[in-house]
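In the numbering used here, the protein residues as written are 1 to 231. Ideal placement from N, C-alpha and C gives every residue a C-beta, glycine not left out. So the structure is just underneath, and the comments pick up after that.
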């Protein structure tokens, strides 16, 4: 009996990467019962940062570990997008200096236990189908940006900067300021015209398209001409 338990523990160490989160459903599907999970928590082999959520680590949890867990382990069709993607892709100097929210975009809701995690940031889920109905068939975007997080072997999937800009514009004026978006758009001189055209054609929001074309004309970037053809 002890040998079987030891084998399961060894298998868990291979199946659940250090630091990542797995919910009870994932562990149950991989053969770890509620009783066994409780035993592992008592023995210190598993930590439970939220109810029915587990990880193999005693180090502080990071938002990057949470996102990788959602994308790679729980296989949710999510991308870090909008403001957060632009901040992480090198445009933080145009936006606020401190990361307070992590914006997640996808066609399926994120787990409710995210709000219970011991983190200084909050996760905000956006239904990507509002902006891009085609996400239902091919989420979250054909050519996302994959970036590695410090100390992690698996990369995080981000919206491309072209898509992240459209996601950010959707937040105007309720949750973003025109001043910050204007400063950001002024600095975005290296967007891909082809990708922009594809995204604008797929975007279902008239407001977002009009705002984008307004800022494109205002700052007269080289990529604006192809984008003008999309209405």
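Asked, Found
"Cα-Cα separation between residue 17 and residue 84, rounded to whole angstroms", "25 Å"
"C-alpha gap between residue 116 and residue 50, whole angstroms", "6 Å"
"Classification of residue 14 by the beta-carbon crowding that lies within 10 angstroms, buried from 16 upward", "exposed"
"Residue environment, residue 165, which counts as buried when at least 16 other CB atoms sit within 10 Å", "buried"
"Nearest residue (CA-CA) to residue 70, options 218, 23, 208", "23"
"Contacting residues, own chain, Cβ-Cβ under 6 Å from residue 89 (five flanking each side not counted)", "161"
"Beta strand (DSSP E) segment containing residue 147, residue limits", "145-148"
"Host beta strand (DSSP E) of residue 179 (start-end)", "Careful: residue 179 lies outside any beta strand (DSSP E), inside the alpha helix (DSSP H) at 178-187."
"Nearest residue (CA-CA) to residue 33, options 9, 44, 19", "9"
"Alpha helix (DSSP H) segment containing residue 214, residue limits", "206-219"
"Nearest residue (CA-CA) to residue 152, options 40, 30, 27, 72", "72"
"Cβ neighbour criterion (16 or more within 10 Å) applied to residue 222", "exposed"
"Pick from 53, 106, 124, 64 that is closest to residue 155, judged by C-alpha positions", "64"
"Buried versus exposed call for residue 163 [16 or more other C-beta atoms within 10 Å across all chains shown]", "buried"
"Residues near residue 177 in its chain [Cβ-Cβ closer than 8 Å; skip 5 each side]", "none"
"DSSP beta-bridge partners of residue 110", "Paired residue(s): none; residue 110 is not in a bridge."
"When 82, 175, 66 are compared against residue 75, the one with the closest alpha-carbon", "66"
"Simplified DSSP state of residue 38, which is helix, strand or coil", "helix"
"Residue from 81, 210, 100, 130 whose Cα sits closest to the Cα of residue 122", "100"
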